[in-house]
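Below is one structure, written out as structure tokens; the observations come after it.
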Amino acid sequence: MCLAVPGKVLNIFGEDPAFRSASVDFCGVRKTVNLAFTPEARTGDFVLVHVGFAISCIDENEASRTFRYLKEIGALEEEGIVLGEPSRPEVVAS
Amino acid sequence: MKYVDEYRDPQIAQAIVNQVARTATKPWVLMEVCGGQTHTLMRYGIGDLLPRGVELVHGPGCPVCVTPLELIDQAIHIAGLPGVIFTSYGDMLRVPGSSCDLFQARANGADVRIVYSPMDAVRIARENLDRQVVFFGVGFETTAPANAMAVWQAKQEGLTNFSMLVSHVLVPPAMRLILESPSNRVQGFIGPGHVCTIMGFSEYQKIAEEFKVPIVVGGFEPVDLLEAISMLVSQLEEGRSEVENQYSRSVELAGNVAAQRIMSEVFQISDRKWRGIGEIPQSGLTLRDEYAAYDAERVFQLEPLDVEEPRECISALVLQGQKKPIECPAFGKRCTPLTPLGAPMVSAEGACAAWYQYKRHA
Chain A
1 MCLAVPGKVL NIFGEDPAFR SASVDFCGVR KTVNLAFTPE ARTGDFVLVH VGFAISCIDE
61 NEASRTFRYL KEIGALEEEG IVLGEPSRPE VVAS
Chain B
1 MKYVDEYRDP QIAQAIVNQV ARTATKPWVL MEVCGGQTHT LMRYGIGDLL PRGVELVHGP
61 GCPVCVTPLE LIDQAIHIAG LPGVIFTSYG DMLRVPGSSC DLFQARANGA DVRIVYSPMD
121 AVRIARENLD RQVVFFGVGF ETTAPANAMA VWQAKQEGLT NFSMLVSHVL VPPAMRLILE
181 SPSNRVQGFI GPGHVCTIMG FSEYQKIAEE FKVPIVVGGF EPVDLLEAIS MLVSQLEEGR
241 SEVENQYSRS VELAGNVAAQ RIMSEVFQIS DRKWRGIGEI PQSGLTLRDE YAAYDAERVF
301 QLEPLDVEEP RECISALVLQ GQKKPIECPA FGKRCTPLTP LGAPMVSAEG ACAAWYQYKR
361 HA
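Here the protein sequences come in this chain order: A and B.
For the first sequence, the numbering used here puts the final residue at 94, and the numbers step up evenly by one.
For the second sequence, the numbering used here puts the final residue at 362, and the numbers step up evenly by one.
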């Protein structure tokens, strides 16, 4: 319930801080993530994502380690990240 | 991404276990209050690696588990109303109410949809203006800002067909309840890493000071938890009761200020009933009056229910670390993850369910 999955910020949309969102890459699976709580996040940064929101920025080594751990314990699917499937274009959440 | 394995490296883990063994001269009882941490501790059998005397007990750390039976029944009621689309995180669908769960409600024809973000529920509302879209807003402080943002954005957009059934609980009041109990056994806490990512840890410093109990904010991987345990044992042996931050790669003292701001814009602190424990004063969140139009309890004019928990269930004692799951006569017999009697058995992150999954044959 309180897990958070690390991903890489690809491109950012929106100027208004409350509606700023980004396409985030989770080892090949791309999702739209709200950046309202990480105004400091920039393209190329790694963020921890919980229920569609980035809650903190972390460094790349930490991101990869945590991602592999979540994959190992089978926790990614619970967060809606199904590896190995081609990512579908998503409607950008406002 | 590069791969670094230090947080699961067995040699590093063993070195920390050895450190704990060298430090511990007395028995100590430690508790984690986050279900994600409970799951890791059980999965990797971390309690069994520790020196004899250092005991781990598992706290009430699963918001899915502690959502009251009444609210599950109300969710099932709302989901069955004509014209309603009921949306929820997947783990709530398996939680039994007093007669069925949301999966069964869906099988009976209710439009129940799993979402991964509250923003998905807002999108469904935007795309279905002729339907009432209800989101089951469950969680600790980690999830509350996201749920608050969904309500705030729905209001900004002027959506009139979106509402939230709120069951938000807060960690510090539950820790206080545990510490205030005359039969409390807990001497140190592993703090919840993602809750503190949002809230920071100044509230935990007050608890540490008031109750003279050390708290180490911890991460979720095996080595994170071993480090947190080692730091707690050192504090206890040295007679310190401070808050230390093992999970500094995500947690700062002040927490996430932007997330806290939207939380307090949309929610206010209120009394909340916890399944298996009962009502804890000022232990949860409720929508503010300005957001009443988005409160499913008010939109659907729900009457307060009072549903009794099965008497045999000792979950209140398990959730406060006073009994182990195995000490319950119903455990693994009349109470299993498929037929749970009470809170800690209803979700994989609950203490009884984790025990059932990983330690039942031990």
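Even for Gly, the Cβ is constructed at its ideal location relative to N, Cα and C.
**Prompt:** Unbroken alpha helix (DSSP H) runs of length 4 or more, entirely within the stretch 22 to 58 of chain B: which are they?
**Reply:** Segments of the alpha helix (DSSP H) lying fully in the stretch 22 to 58 of chain B: 35 to 43 and 46 to 49.
Q) Mind checking if A:G28 is an interface residue toward chain B, Cβ cutoff 8 Å exclusive? A) Translated into positions along the first sequence, residue 28 of chain A becomes position 28. So, not an interface residue.
| message | Taking 7 Å as the cut-off, is the beta-carbon of B:H168 closer than that to any non-hydrogen atom of the ligand ADP? | response | As presented, the structure is devoid of all ligands, the ligand ADP included, so that no description of it is given.
Contact criterion: CB-CB distance below 8 Å. Does A:I12 meet it with respect to chain B?
In the first sequence, counting from the first residue as 1, residue 12 of chain A sits at position 12. False, the Cβ-Cβ gap to chain B never drops below 8 Å.
Fill in: Rounded separation between A:A93 and A:V47 - CA only
Counting from 1 along the first sequence, the entry for residue 93 of chain A is found at position 93. Counting from 1 along the first sequence, the entry for residue 47 of chain A is found at position 47. At A:A93 the pLDDT is 41, less than 50, meaning the model places this residue with poor confidence and gives no usable figure here.
Applying a beta-carbon distance threshold of less than 7 Å, which residues of chain B neighbour A:V51? In the first sequence, counting from the first residue as 1, residue 51 of chain A sits at position 51. Simply Y116, S117, P118, T143 and A146.
Neighbourhood of B:T23 by C-beta distance below 6 Å, restricted to the same chain and skipping five residues each side
Position 23 of the second sequence, counting from 1, holds the residue named residue 23 of chain B. Only V233, S234 and E237 meet the Cβ criterion.
inquiry  = Within 8 Å of any Cβ in chain A, is that where the Cβ of B:N256 sits?
reply    = In the second sequence, the residue the question calls residue 256 of chain B occupies position 256. Yes, contact with chain A.
Evaluate B:R272 with the Cβ neighbour count: other Cβ atoms within 10 Å of its Cβ, from every protein chain shown; 16 or more gives buried, anything less gives exposed.
On the second sequence, residue 272 of chain B is found 272 positions in, with the first residue counted as 1. Only buried fits B:R272, as 16 or more other CB atoms lie within 10 angstroms of its CB.
Nearest chain B C-beta to A:E15 closer than 8 Å, yes or no? Against the first sequence, residue 15 of chain A aligns to sequence position 15. No, A:E15 does not count as interfacial toward chain B.
Q. Would DSSP call B:E349 helix, strand or coil?
A. Counting from 1 along the second sequence, the entry for residue 349 of chain B is found at position 349. The three-state reading of DSSP puts B:E349 in coil, since its state is none of H, G, I, E or B.
Is B:T197 close to chain A, meaning its C-beta is less than 8 Å from at least one C-beta of that chain?
Position 197 of the second sequence holds residue 197 of chain B. Closer than 8 Å to some Cβ of chain A, the Cβ of B:T197 qualifies, so yes.
Item checked: Outcome for B:R311 when other beta-carbon atoms lying within 10 angstroms are tallied against a minimum of 16 -> Taking the second sequence and counting its residues from 1, the one referred to as residue 311 of chain B is at position 311. When all chains shown are included, B:R311 counts as exposed.
| DSSP state of A:I81 mapped onto helix, strand, coil | As a working mapping, residue 81 of chain A is identified with position 81 in the first sequence. In the structure shown, A:I81 sits in coil (DSSP, three-state: anything other than H, G, I, E or B).
**Message:** What does the alpha-carbon distance come out to for the pair B:K323 and B:L317?
**Reply:** Here the question's residue 323 of chain B lines up with position 323 in the second sequence. Here the question's residue 317 of chain B lines up with position 317 in the second sequence. Computed Cα separation, rounded: 5 Å.
Checklist line | Interface partners of B:C34 on chain A, CB under 7 Å | finding: Locating residue 34 of chain B in the second sequence gives position 34, where the first residue counts as 1. In chain order, C2 make up the part of chain A whose C-beta sits under 7 Å from the C-beta of B:C34.
Interface residues of chain B facing A:S56 [CB-CB closer than 7 Å]: Within the first sequence, numbered from 1, the residue matching residue 56 of chain A stands at position 56. Chain B residues near A:S56: T197, S250 and N256.
Chain-order list of residues whose beta-carbon lies under 7 Å from that of A:E79 (same chain, five-residue window excluded) = The residue given as residue 79 of chain A occupies position 79 in the first sequence. Leaving aside the five residues that flank A:E79 on each side, the residues in its chain whose CB is nearer than 7 Å to its CB run, in chain order, L3 and V5.
Could you tell me whether the Cβ atoms of A:V9 and A:G44 are closer together than 8 Å? The residue given as residue 9 of chain A occupies position 9 in the first sequence. The residue given as residue 44 of chain A occupies position 44 in the first sequence. Yes.
Quick one: which unbroken alpha helix (DSSP H) runs of 4-plus residues sit fully inside the stretch 282 to 327 of chain B? Chain order, please. For the stretch 282 to 327 of chain B, whole alpha helix (DSSP H) runs of length 4 or above, ordered along the chain, are 296 to 299 and 315 to 319.
Distance, B:Y204 Cα to B:S315 Cα: Counting from one through the second sequence, the residue named residue 315 of chain B turns up at place 315. Counting from one through the second sequence, the residue named residue 204 of chain B turns up at place 204. B:S315 and B:Y204 have their alpha carbons spaced roughly 25 Å apart.
Discussion item. Closest to B:A330 by C-alpha separation, out of B:V346, B:C313 and B:G321, would be which residue?
Written reply: For the purposes of this step, residue 330 of chain B is identified with residue 330 of the second sequence, where counting begins at 1. Distance from the Cα of B:A330 is smallest, within the candidate group B:V346, B:C313 and B:G321, for B:C313.
**Message:** Using a Cβ-Cβ distance cut-off of 8 Å, determine whether B:Y3 contacts chain A.
**Reply:** Counting from one through the second sequence, the residue named residue 3 of chain B turns up at place 3. With a pLDDT of 41 at B:Y3, under the threshold of 50, the predicted position of this residue should be treated as unreliable, though the coordinate-derived value follows. By this cut-off, B:Y3 is an interface position.
task = Could you name the residues of the same chain whose beta carbon sits closer than 7 Å to that of A:I96, not counting the 5 residues immediately before and after it, in chain order?
result = With chain A running from 1 to 94 in the structure shown, residue 96 of chain A is simply not present.
Chain-ordered residues of the stretch 89 to 108 of chain B with a beta carbon less than 9 Å from chain A:
Here the close residues are Y89, G90 and D91.
Between the Cα of B:G332 and those of B:A348, B:W355 and B:A343, spot the shortest distance and give me the residue it belongs to.
Taking the first residue of the second sequence as 1, we reach residue 332 of chain B at position 332. In this structure, B:W355 is the residue among B:A348, B:W355 and B:A343 with its C-alpha nearest to the C-alpha of B:G332.
Practice problem: Could you check if A:S56 is buried or exposed, using at least 16 other CB atoms within 10 Å of its CB as the buried criterion? | Solution: Here residue 56 of chain A corresponds to residue number 56 of the first sequence, with the count starting at 1. If you draw a 10 Å sphere on the C-beta of A:S56, you find 16 or more other C-beta atoms in it, and that means buried.
What residues in the stretch 60 to 74 of chain B have a beta carbon less than 7 Å from any beta carbon of chain A?
Listed in sequence order: C62, P63 and V64.
Original post:
Which residues in chain A sit within 7 Å of B:G139, going by Cβ to Cβ distance?
Top reply: On the second sequence, position 139 is the one that residue 139 of chain B refers to. Simply M1.
Taking the C-alpha atoms as reference points, what is the distance between B:S283 and B:M175? Position 283 of the second sequence, counted from the start, is the residue given in the question as residue 283 of chain B. Position 175 of the second sequence, counted from the start, is the residue given in the question as residue 175 of chain B. Those two C-alpha atoms are separated by around 10 Å.
- Task: Might you give, ordered along the chain, the residues of its own chain that have their beta carbon closer than 6 Å to the beta carbon of B:V243, omitting 5 neighbours on each side?
- Result: Here the question's residue 243 of chain B lines up with position 243 in the second sequence. Closer than 6 Å at Cβ, skipping near neighbours: F201, Y204, Q205, A208 and I215.
Notebook entry, point to check: If A:A54 sits next to A:F37, beta carbons under 8 Å apart, how far is it from one beta carbon to the other, in whole angstroms?
Noted result: Numbered from its first residue, the first sequence carries residue 54 of chain A at position 54. Numbered from its first residue, the first sequence carries residue 37 of chain A at position 37. Going by Cβ atoms, the distance from A:A54 to A:F37 rounds to 6 Å, so yes, they are a contact pair.
I think B:G342 touches B:G276, with their Cβ atoms under 8 Å apart; what is that distance to the nearest whole Å?
Locating residue 342 of chain B in the second sequence gives position 342, counting from the first residue. Locating residue 276 of chain B in the second sequence gives position 276, counting from the first residue. Yes, they are in contact, since the Cβ atoms of B:G342 and B:G276 sit about 5 Å apart, within 8 Å.
Between A:L48 and chain B, is there a C-beta pair that is closer than 8 Å? Mapped onto the first sequence, residue 48 of chain A falls at position 48. At least one chain B Cβ lies under 8 Å of A:L48.
Beta-carbon of A:R88 versus every beta-carbon of chain B: anything under 8 Å?
Here residue 88 of chain A corresponds to residue number 88 of the first sequence, with the count starting at 1. Bear in mind that a pLDDT of 48 at A:R88, under 50, signals an unreliable position, so the number given afterwards is only what the model happens to contain. For A:R88, the answer is no, since every Cβ of chain B falls outside 8 Å of its Cβ.
(Q) Going by DSSP in three states, B:T197 sits in which element: helix, strand or coil? (A) Walking along the second sequence from the start, residue 197 of chain B turns up at place 197. Looking at B:T197 - three-state DSSP - the assignment turns out to be helix.
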